[in-house]
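J.: The structure is given below, and queries will be raised subsequently.
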Amino acid sequence: VDAAACRDAVARLVSHLYLRVGEEWLWFSRIRMPDEKLAARLHAPQLEVYAMVDSRRDEGLLELDFREPGQCEIGMFGVTAKLVGTGAGRWLMNRALEIAWSRPVTRVWLHTCTFDHPAALAFYQRSGFRPFRRQIEVADDPRLDGTAPRSVARHVPVIE
Amino acid sequence: MILSDGYSDVPAGKIAAVTTHLEMTARPAPRSDPAGAWTIRHVNAPALDWYRDLYGRVGGPWLWVSRIRLLDAELAATIQSPSMEIHALTQEGRDDGLLEMDFREPGQCEIVSFGLTEKLVGTGAGRWLMNRAIDIAWSHPIERLWLHTCTFDHPSALAFYQRSGFRPFRRQVEVVNDPRLDGTVPRDVARHIPVIE
């Protein structure tokens with residue numbers, strides 16, 4: 271199999287799961303990334319992508335980024351709508367922390383934002399994370415330029 | 045000021061909220077009232093102690109601080125102004141909801157404060173109070189009713205206001221000193237907004 275084609279196929283699979291997990295939360299950074307850049311990122315050896323499988327379907331996404339020596343950033347963490355509230359998130363976080371701390375790291379970190387599920391921040395705090403930095407992000411609304419469907423993420427109103 | 049695209053840091057010791065402004069320019073179709081033993085009471089020229097107590101009980105969990113930081117004279121001038129209408133939602137003889145309407149701008153009404161104490165959240169009292177707010181506002185000669193909500197508020201607040209007939213029209217970012225670090229409010233309130241020092 272052609273390595274480039276394989277990389278593209280994996281990128282497409284991850285993108286599909288990324289959409290199913292993140293669309294409702296307006297995850298758009300990877301959607302706006304050109305294919306080659308996304309593929310290169312996903313295939314960096316220090317970047318680990320995991321799918322959580324439920325009834326043989328990929329229903330959760332976990333990305334661990336070890337590119338910074340001694341550190342792990344949870345770059346993506348989420349489950350599809352049908353698994354929200356089922357405990358799957360806790361199960362996946364337990365796996366994420368096991369994997370991260372099985373490596374020679376001295377720090378695991380992540381970020382969440384006000385577009386995420388309202389329970390996400392408290393969930394991460396219960397998981398052992400301590401808030402240390404706050405930022406404001408301003409971006410073009412991805413629902414107005416075709417990056418995401420108009421109807422997603424109603425909890426973040428479109429203002430034109 | 046318009047923030048540039050991308051990330052801007054919020055300094056430690058400060059908090060930041062995204063505020064959404066919503067408006068309606070015609071009286072909406074009425075929504076049915078949930079059943080409950082609530083009454084509403086217009087409080088004319090509210091006493092400062094009474095107001096601060098209810099404002100604190102309703103707004104404490106949501107980090108409402110704008111009125112808490114006011115000195116007596118400033119607060120009195122605000123809430124005892126003839127263009128301000130303050131109502132209390134009462135249950136079993138206790139004031140457990142606050143509705144504050146500002147008619148300062150001719151032809152307009154701003155709902156400045158809207159909320160319930162914790163024990164009434166999720167009981168239907170909020171819908172009942174919003175129905176009253178809409179009745180009162182539109183019984184005045186206005187063409188526009190508006191309010192704002194922010195990311196510190198109950199996660200259902202924005203959708204609640206949209207279901208009530210308000211349409212989002214403006215978004216702002218607010219950065220302020222964390223009121224839990226300067227003694228304005230207790231350290232342990234509003235855990236959904238972590239203190240970052």
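Going down the list, the protein sequences come from chains B and E. Everything in the first sequence is counted per the working numbering, starting at 271 for the first residue and increasing by one. Everything in the second sequence is counted per the working numbering, starting at 45 for the first residue and increasing by one. C-beta: ideal position from N, C-alpha, C; glycine also. Model, not experiment: these values are computed from the prediction.
Could you name the residues of chain E that R403 (chain B) contacts, counting a contact when the two beta carbons are closer than 9 angstroms?
T.: Taking the first sequence and counting its residues from 1, the one referred to as residue 403 (chain B) is at position 133. Chain E residues near R403 (chain B): D53, V54, A56, I240.
J.: Could one say the Cβ of F213 (chain E) lies closer than 8 angstroms to chain B's Cβ atoms, at least one of them?
T.: The residue you call residue 213 (chain E) lines up with position 169 of the second sequence. Closer than 8 angstroms: yes.
J.: Determine the DSSP secondary structure at G348 (chain B), reduced to helix, strand or coil.
T.: The count along the first sequence starts at 1 and reaches residue 348 (chain B) at position 78. In the structure shown, G348 (chain B) sits in a strand (DSSP, three-state: E or B).
J.: Check this for me: beta carbons of I429 (chain B) and S52 (chain E), under 8 angstroms apart or not?
T.: Mapped onto the first sequence, residue 429 (chain B) falls at position 159. Mapped onto the second sequence, residue 52 (chain E) falls at position 8. Going by C-beta atoms, I429 (chain B) is not nearer than 8 angstroms to S52 (chain E).
J.: According to the neighbour-count rule (16 or more other Cβ atoms, all chains shown, within 10 Å of its Cβ), is D386 (chain B) buried or exposed?
T.: Translated into the one-based positions of the first sequence, residue 386 (chain B) becomes position 116. So D386 (chain B) ends up on the buried side.
J.: Expressed to the nearest angstrom, what Euclidean distance is found between the alpha-carbon atoms of P78 (chain E) and V319 (chain B)?
T.: As a position in the second sequence, residue 78 (chain E) is number 34, starting the count at 1. As a position in the first sequence, residue 319 (chain B) is number 49, starting the count at 1. Going by the C-alpha atoms only, they are around 48 angstroms apart.
J.: How long is the line joining the alpha carbons of P427 (chain B) and L391 (chain B), rounded to whole angstroms?
T.: As a first step, residue 427 (chain B) is located in the first sequence; it is residue number 157 there, counting from the start. As a first step, residue 391 (chain B) is located in the first sequence; it is residue number 121 there, counting from the start. About 21 angstroms.
J.: Do E333 (chain B) and W379 (chain B) have their beta-carbon atoms positioned less than 8 angstroms apart in this structure?
T.: One-based indexing of the first sequence puts residue 379 (chain B) at position 109. One-based indexing of the first sequence puts residue 333 (chain B) at position 63. Taking 8 angstroms as the Cβ cut-off, W379 (chain B) and E333 (chain B) do not qualify as a contacting pair.
J.: Could you tell me whether any Cβ in chain E is nearer than 8 angstroms to the Cβ of P388 (chain B)?
T.: Here residue 388 (chain B) corresponds to residue number 118 of the first sequence, with the count starting at 1. Chain E, which has a Cβ nearer than 8 angstroms to the Cβ of P388 (chain B), makes this yes.
J.: Using the three-state DSSP reduction, which class does G359 (chain B) fall into: helix, strand or coil?
T.: Residue mapping note: residue 359 (chain B) aligns to position 89 of the first sequence, counting from 1. G359 (chain B): helix per DSSP, three-state reduction.
J.: Quick one: measure Cβ to Cβ for G80 (chain E) and E241 (chain E), integer angstroms, because I've assumed they're closer than 8 angstroms.
T.: As a working mapping, residue 80 (chain E) is identified with position 36 in the second sequence. As a working mapping, residue 241 (chain E) is identified with position 197 in the second sequence. No, G80 (chain E) and E241 (chain E) are not in contact; Cβ-Cβ is about 42 angstroms, not under 8 angstroms.
J.: Could you check what DSSP says for I178 (chain E) in three-state terms: helix, strand or coil?
T.: Counting from one through the second sequence, the residue named residue 178 (chain E) turns up at place 134. Helix.
J.: Kindly say whether V408 (chain B), judged by its beta-carbon, lies nearer than 8 angstroms to any beta-carbon of chain E.
T.: Counting from one through the first sequence, the residue named residue 408 (chain B) turns up at place 138. For V408 (chain B), the answer is yes, since a Cβ of chain E falls inside 8 angstroms of its Cβ.
J.: What are the boundary residues of the alpha helix (DSSP H) that includes F204 (chain E)?
T.: As a working note, residue 204 (chain E) is residue 160 in the second sequence. Residues 201 to 207.
J.: If the cut is a Cβ gap below 8 angstroms, which residues of chain E does A392 (chain B) touch?
T.: To locate residue 392 (chain B), count along the first sequence from 1; it is residue 122. Per Cβ cutoff of 8 angstroms: R235, H236.
J.: So L202 (chain E) contacts chain B; which residues on that side make the cut at Cβ distance below 8 angstroms?
T.: On the second sequence, residue 202 (chain E) is found 158 positions in, with the first residue counted as 1. H425, P427, listed in chain order.
J.: For S76 (chain E), count neighbouring Cβ atoms within 10 angstroms of its own Cβ and tell me buried if that reaches 16, exposed if not.
T.: Walking along the second sequence from the start, residue 76 (chain E) turns up at place 32. So S76 (chain E) counts as exposed.
J.: In three-state terms, what does DSSP make of D146 (chain E)?
T.: Position 102 of the second sequence, counted from the first residue, corresponds to residue 146 (chain E). Three-state DSSP puts D146 (chain E) in a strand.
J.: For M128 (chain E) and H184 (chain E), what's the separation of their Cα atoms in angstroms?
T.: The residue labelled residue 128 (chain E) in the question sits at position 84 within the second sequence. The residue labelled residue 184 (chain E) in the question sits at position 140 within the second sequence. Cα to Cα, M128 (chain E) sits roughly 13 angstroms from H184 (chain E).
J.: Smallest Cα separation from P55 (chain E): which of E:A234, E:H131, E:D222?
T.: Walking along the second sequence from the start, residue 55 (chain E) turns up at place 11. Nearest C-alpha to P55 (chain E): E:D222.
J.: State the DSSP-derived secondary structure class of S110 (chain E), mapped to helix, strand or coil.
T.: Position 66 of the second sequence, counted from the first residue, corresponds to residue 110 (chain E). The answer is coil: DSSP assigns S110 (chain E) none of H, G, I, E or B.
J.: If we count the other Cβ atoms within 10 Å of its Cβ and call it buried at 16 or more, is T83 (chain E) buried or exposed?
T.: Residue numbering aside, residue 83 (chain E) sits at position 39 when the second sequence is read from its first letter. T83 (chain E) comes out exposed.
J.: With C-beta atoms as the reference, is L308 (chain B) less than 8 angstroms away from A281 (chain B)?
T.: As a first step, residue 308 (chain B) is located in the first sequence; it is residue number 38 there, counting from the start. As a first step, residue 281 (chain B) is located in the first sequence; it is residue number 11 there, counting from the start. Yes, these two residues count as a Cβ contact at 8 angstroms.
J.: Is DSSP giving P105 (chain E) helix, strand or coil here?
T.: As a position in the second sequence, residue 105 (chain E) is number 61, starting the count at 1. Here P105 (chain E) sits in helix by DSSP.
J.: Run through the region 290 to 347 of chain B for me and flag every whole beta strand (DSSP E) of 3 or more residues, listed as ranges in chain order.
T.: Counting whole runs of 3 or more residues, the region 290 to 347 of chain B contains the beta strand (DSSP E) stretches 317 to 324, 327 to 335.
J.: Since I believe H65 (chain E) is in contact with R214 (chain E) (beta carbons under 8 angstroms), could you give me their beta-carbon distance rounded to a whole number of angstroms?
T.: To locate residue 214 (chain E), count along the second sequence from 1; it is residue 170. To locate residue 65 (chain E), count along the second sequence from 1; it is residue 21. Rounded, the Cβ-Cβ distance is 4 angstroms, consistent with contact.
J.: Can you tell me whether M45 (chain E) is buried or exposed, with buried defined as 16 or more other CB within 10 angstroms of its CB?
T.: To locate residue 45 (chain E), count along the second sequence from 1; it is residue 1. M45 (chain E) is exposed by the Cβ-count criterion.
J.: DSSP three-state label for I369 (chain B), please.
T.: Here residue 369 (chain B) refers to the residue found at position 99 when the first sequence is read from its first residue. Residue state, collapsed to three classes: helix.
J.: Listed in chain order, which residues of the region 172 to 205 of chain E have Cβ atoms closer than 7 angstroms to some Cβ of chain B?
T.: Listed by position, the residues of the region 172 to 205 of chain E near chain B (Cβ gap below 7 angstroms) are T195, P199, L202, A203.
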